[in-house]
Structures are given as structure tokens and as C-alpha cells.
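Protein chains in written order, with numbering that gives the first Met the number 0: chain A, 0 to 194; chain B, 0 to 223.
Worksheet: the structure to be examined is printed underneath.
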Amino acid sequence: MQQENFSPEQSLRLIQSMISKTKQDMSDNSIYFLVWGWLTFFASTGQFILKHLLNYEKHYLVWMVVIIGIIFSIYQGKKEEKNSSVKTYVDESMGHLWLGLAISFFVLAMILTKLGWGTVAFPFFIMLYGLGTFVSGSIIRFRPLIIGGIIAWALAIGSTFVSYDYQMLFGAAAILISYIIPAYMLRSRNKTANT
Amino acid sequence: MTQSEKQLTEKESLDLIAMMINKAKDSYHDTGIGAMMWGTIVAVCSLVKLAELQFDFRLPFDIYWLTILAIVPQIFITIREKKERKVKTYDDIYMDYLWLGFGISIGLMIFIVNNVFSVWEPVSIEYTQLAGHSPAFKFREFIAPLFLLLYGIPTFVTGAACKFKPMLWGGLLCWVCCIVTIYTTIKIDLLLTAFSAVFAWLIPGIIMERDYRNAKRGLAQANV
Chain A
0 MQQENFSPEQ SLRLIQSMIS KTKQDMSDNS IYFLVWGWLT FFASTGQFIL
50 KHLLNYEKHY LVWMVVIIGI IFSIYQGKKE EKNSSVKTYV DESMGHLWLG
100 LAISFFVLAM ILTKLGWGTV AFPFFIMLYG LGTFVSGSII RFRPLIIGGI
150 IAWALAIGST FVSYDYQMLF GAAAILISYI IPAYMLRSRN KTANT
Chain B
0 MTQSEKQLTE KESLDLIAMM INKAKDSYHD TGIGAMMWGT IVAVCSLVKL
50 AELQFDFRLP FDIYWLTILA IVPQIFITIR EKKERKVKTY DDIYMDYLWL
100 GFGISIGLMI FIVNNVFSVW EPVSIEYTQL AGHSPAFKFR EFIAPLFLLL
150 YGIPTFVTGA ACKFKPMLWG GLLCWVCCIV TIYTTIKIDL LLTAFSAVFA
200 WLIPGIIMER DYRNAKRGLA QANV
């Protein structure tokens with residue numbers, strides 16, 4: 000009976016362990032940034048090579064790689080749901096934010112289908128990348144993501160001054176700075192914290 | 000005080016933590032004034048613009064300047080709400096960044112749209128001169144869908160995070176209206192923008208304001 004009861008000190012320790020668990024979860028989110036980051040980086044640069052350098056007509060087909068990201072996210076999400084008994088604040092907040100952004104990407108795709116993909120697609124996408132990483136950085140209190148989001152916004156402005164082909168490179172740069180680099184920094188911070 | 004009263008079981012401890020988290024969550028009380036103000040301003044701007052097109056008149060100024068002017072009272076509202084908040088909860092910080100990010104995105108959207116216009120307009124004029132009629136493609140038909148897309152994001156995320164259904168549905172409504180406005184004329188676009196502003200911000204703002212007043216009254220009574 001005594002073992003089941005918690006002294007105030009033990010309660011505090013429990014709270015402390017829950018906080019640590021939340022911190023651990025923060026770092027686990029880096030896998031999503033890495034998978035989506037590399038996929039979109041590959042698609043943006045691939046589209047530039049296919050269109051600008053090889054003059055391939057169906058250059059946009061390279062974006063089919065996002066299907067891999069969708070399958071991965073569903074699989075990973077289900078796996079995490081099974082493994083963790085407690086849904087942390089970070090999990091919940093990130094879930095709401097990225098669900099909202101996923102719907103927005105889908106709705107933006109519908110707008111661009113009518114407006115025309117080969118016009119100004121990239122500035123809008125880069126702007127949304129920036130919004131996602133800026134707010135994610137605030138959720139997990141990780142400054143490189145916040146800064147990455149701000150740089151992505153600057154790149155969204157810059158991309159409006161160049162032709163469609165070069166907008167793809169601006170998109171790749173935005174992904175590199177706002178997703179990939181902060182995700183690796185998040186991983187290394189986690190490794191350092193665990194050692 | 001007995002020993003059993005002092006100590007908590009594991010379940011009780013967890014319940015206490017959960018309760019404290021919920022308490023902190025519930026303490027997110029926006030007064031709703033900001034949402035009411037922005038809902039009204041966006042609805043009024045859209046409806047005035049619609050009236051200008053429908054009845055063929057022009058105001059001596061662009062009605063959308065109201066949205067820039069509204070930033071001033073918004074700053075005062077934010078400062079006052081921050082003073083009233085005793086504890087800054089996790090949600091508060093997250094929401095601050097979300098809406099700040101939204102504000103920056105709106106600014107960026109205005110910039111991108113204006114930039115596209117400056118490129119597209121000369122092409123459109125030249126086409127009209129050469130072909131004798133205006134082009135079928137009109138970029139301004141896409142302005143409302145692009146803004147409605149952005150309106151939906153913070154509204155939906157706030158509604159989901161704060162478990163505030165009127166905003167969650169309001170955000171979803173913005174996206175539904177966004178898809179509809181892709182296929183409708185500019186007049187319908189403006190009407191649907193006003194409709195979205197009322198349902199996504201004005202009405203949730205009124206509900207928030209009512210809840211805030213009730214919570215304040217309850218607190219005052221408890222302290223008597």
C-alpha cells in the first residue's frame with residue numbers, strides 16, 4: 000500500500016519525468032521534418048533539372064514523391080499512437096498545426112490547378128513552409144526552426160522577382176534552411192542531451 | 000491531518016496533474032474583442048467592395064485601408080489582454096506565435112499578389128489592345144481564394160488546440176468557401192469572404208466574449 004502512495008517529493012519527480020518525456024518527444028518530431036524536407040528538396044531540385052536543363056515536358060511528375068511522405072506520415076503516426084500511452088501537449092499541438100497546414104496545401108493545390116501551376120506556385124508554397132516551421136519552432140521552443148521560418152518568408156519574397164524555373168531553386172533553399180538543417184540540429188541536441 | 004490525506008495515490012497524482020493542465024488550458028480566455036473586430040472589418044470591407052462593383056460607384060479611398068488602421072486598436076487589445084493574464088500558459092505562447100505568423104503571412108500574401116499584378120497587368124492591357132477584348136483569365140478572381148486559404152489556418156488550429164468548436168468549424172468553412180470561390184465570379188467571392196469572416200471570427204468572438212464575461216462574473220462571485 001505504501002508503495003502505491005506518493006509523497007509530495009515523489010509526485011514532483013513524476014511531474015519531472017513527464018516533462019522529460021515531453022522534451023524527448025520534441026526531438027522525435029525531427030523525423031517528419033527530415034523525411035518531408037529531403038523529399039521536397041529532391042522534388043524541387045529534380046524539377047529544376049528536368050525542366051530547365053533537360054527540357055523534359057512532364058517535369059512536374061517528380062512531385063509524385065510526396066506520396067512516399069504521405070504513406071510514411073500515416074505509418075509513423077499509427078506506430079507512435081500504438082507505442083505511447085500519453086499524448087503530450089507537444090504531440091497534440093504539432094498534430095493540430097500540421098493537420099491545418101496539410102489541408103491548406105491541398106486547398107492551395109486546388110487553387111493552382113485553376114490558376115495554373117507554372118505561374119506563381121512556389122512563393123505561396125514557400126510562404127506556407129515558413130508559417131509551419133515558425134509556429135512549430137514556438138511549440139517545441141527551438142530557435143533554429145523559428146529563424147528557418149523567417150528566412151523562408153524572406154525567400155518567398157525573393158522568389159517573386161525571378162522566373163518560374165528559378166523559383167524551384169528558391170523552394171529547395173527554403174526547405175534546406177527551414178526544414179532540413181533545423182531537423183539535424185534538433186537531432187544532435189537530443190543526442191547531446193541523452194549522453 | 001492524517002497521513003493518508005497528505006499522500007496521494009499514483010492515480011490521484013495523475014488526476015491532479017491532468018486537472019491542473021485543464022485548468023491552465025481553460026485559463027486561455029481571449030476576451031473575443033479582437034476576433035469580433037476583425038470579423039466585422041473584413042465583412043464590412045468585402046461588402047463595401049461588393050457594393051462598389053454592383054452599384055458602380057467608387058469611394059474616395061480604398062476600403063481595405065481599414066484593415067491597416069485596425070492594427071492600432073489590435074495592439075491595445077493585445078496589451079490589455081496580456082496585463083489581465085496572470086499566468087502565461089503553454090497555449091498562450093503558441094497562440095501568440097500562430098497569430099503573429101498569420102499576420103506576417105497576410106502581409107506576404109499582399110506583397111506577392113501585388114507583385115503578380117504588376118507583372119500581369121501590362122500583359123493583360125497589351126492583350127486587350129491586340130485582341131480587342133479582355134483575356135478570359137483574370138488574376139483578381141483568385142485573390143479571394145488565396146486570402147480565404149490563409150484565414151482558415153489560424154482559425155482552425157486555434158479551434159482545435161483550445162477545443163473551441165465555433166472556431167474549428169469557422170476555419171473549415173473558410174476552406175470550403177475558398178474552394179467554392181475558385182469557380183465563382185468576384186462578386187460571389189466577396190460575398191463568401193464576408194460570410195466566412197462572420198462565421199469564423201465575428202460569431203466565435205461573440206461567444207468568446209460571453210464566456211469571458213460569465214467566467215469573470217463567476218470568479219467575482221466566488222471571491223465574495
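Every residue, glycine too, gets a C-beta built ideally from N, C-alpha and C.
Quiz prompt | Chain-ordered residues of the region 164-181 of chain A with a beta carbon less than 8 Å from chain B | solution = none
Quiz prompt | Beta-carbon spacing of residue 117 (chain A), residue 163 (chain A) below 8 Å | solution = yes
Exercise. Report, in whole angstroms, the separation of the C-beta atoms of residue 181 (chain A) and residue 144 (chain A), which I expect to be a contact under 8 Å.
Key: So it is a contact: roughly 5 Å between Cβ atoms.
Quiz item: Is DSSP giving residue 53 (chain A) helix, strand or coil here?
Solution: coil
Practice problem: Compare the C-alpha of residue 63 (chain A) against each of A:42, A:113, A:119 and name the closest. | Solution: When only C-alpha atoms are compared, the closest one is A:42.
Quiz item: In three-state terms, what does DSSP make of residue 38 (chain A)?
Solution: In this structure, residue 38 (chain A) counts as helix in the three-state DSSP scheme.
Exercise. Please check the pair residue 89 (chain A) and residue 138 (chain A), which I expect to be a contact at CB under 8 Å, by giving their CB distance rounded to whole angstroms.
Key: 6 Å
Quiz prompt | Proximity of residue 226 (chain B) and residue 173 (chain B) at Cβ, strictly below 8 Å | solution = Since the first residue shown for chain B is 0 and the last is 223, residue 226 (chain B) is missing from the structure and cannot be characterised.
Quiz prompt | Boundaries of the alpha helix (DSSP H) in which residue 51 (chain B) is found, first to last residue | solution = 32-54
Quiz item: Residues of chain B with CB under 7 Å from residue 209 (chain A), in chain order?
Solution: Chain A is shown from 0 up to 194; residue 209 (chain A) falls before or after that span and cannot be answered.
Self-check item: Heavy atom of the ligand ATP within 7 Å of residue 102 (chain A) beta-carbon
Solution: Absent from the structure shown: the ligand ATP. Ligands present: none.
Quiz item: From B:150, B:195, B:203, B:216, pick the residue whose C-alpha is nearest to that of residue 100 (chain A); which is it?
Solution: B:150
Practice problem: Decide if the region 196-209 of chain B is in contact with the region 164-173 of chain B; the criterion is three or more beta carbon pairs, one per stretch, under 8 Å apart. | Solution: yes
Quiz item: Can the beta-carbon of residue 179 (chain B) be found closer than 8 Å to that of residue 145 (chain B)?
Solution: no
Quiz item: What is the DSSP secondary structure of residue 81 (chain B), reduced to helix, strand or coil?
Solution: helix
Exercise. To the nearest angstrom, report how far apart residue 56 (chain A) and residue 123 (chain A) are at their CA atoms.
Key: Taking the straight line from one Cα to the other gives about 23 Å.
Quiz item: Are there 16 or more other CB atoms within 10 angstroms of the CB of residue 103 (chain A), so buried, or fewer, so exposed?
Solution: buried
Quiz item: How is residue 208 (chain A) classed by DSSP in three states: helix, strand or coil?
Solution: The structure shown does not extend to residue 208 (chain A), since chain A is modelled only from 0 to 194, so the question has no answer here.
Quiz prompt | Whole-Å CB distance - residue 143 (chain B) paired with residue 188 (chain B), under 8 Å assumed | solution = 4 Å
Self-check item: Per-residue burial, residue 132 (chain B) [other beta carbons within 10 Å of its own, 16 or more giving buried]
Solution: With fewer than 16 neighbouring CB atoms inside 10 Å of its own CB, residue 132 (chain B) falls in the exposed class.
Quiz item: Counting Cβ pairs closer than 8 Å, one from the region 67-78 of chain B and one from the region 44-58 of chain B, do we hit at least three?
Solution: no
Quiz item: Helix, strand or coil: which one does DSSP assign to residue 32 (chain A)?
Solution: helix
Quiz item: Between residue 106 (chain A) and residue 191 (chain B), is the Cβ-Cβ spacing less than 8 Å?
Solution: no
Quiz item: For residue 150 (chain B), which residues in chain A fall below 7 Å Cβ to Cβ?
Solution: Identification of chain A residues near residue 150 (chain B) by a Cβ-Cβ cut-off of 7 Å yields none; the smallest Cβ-Cβ distance measures about 10 Å.
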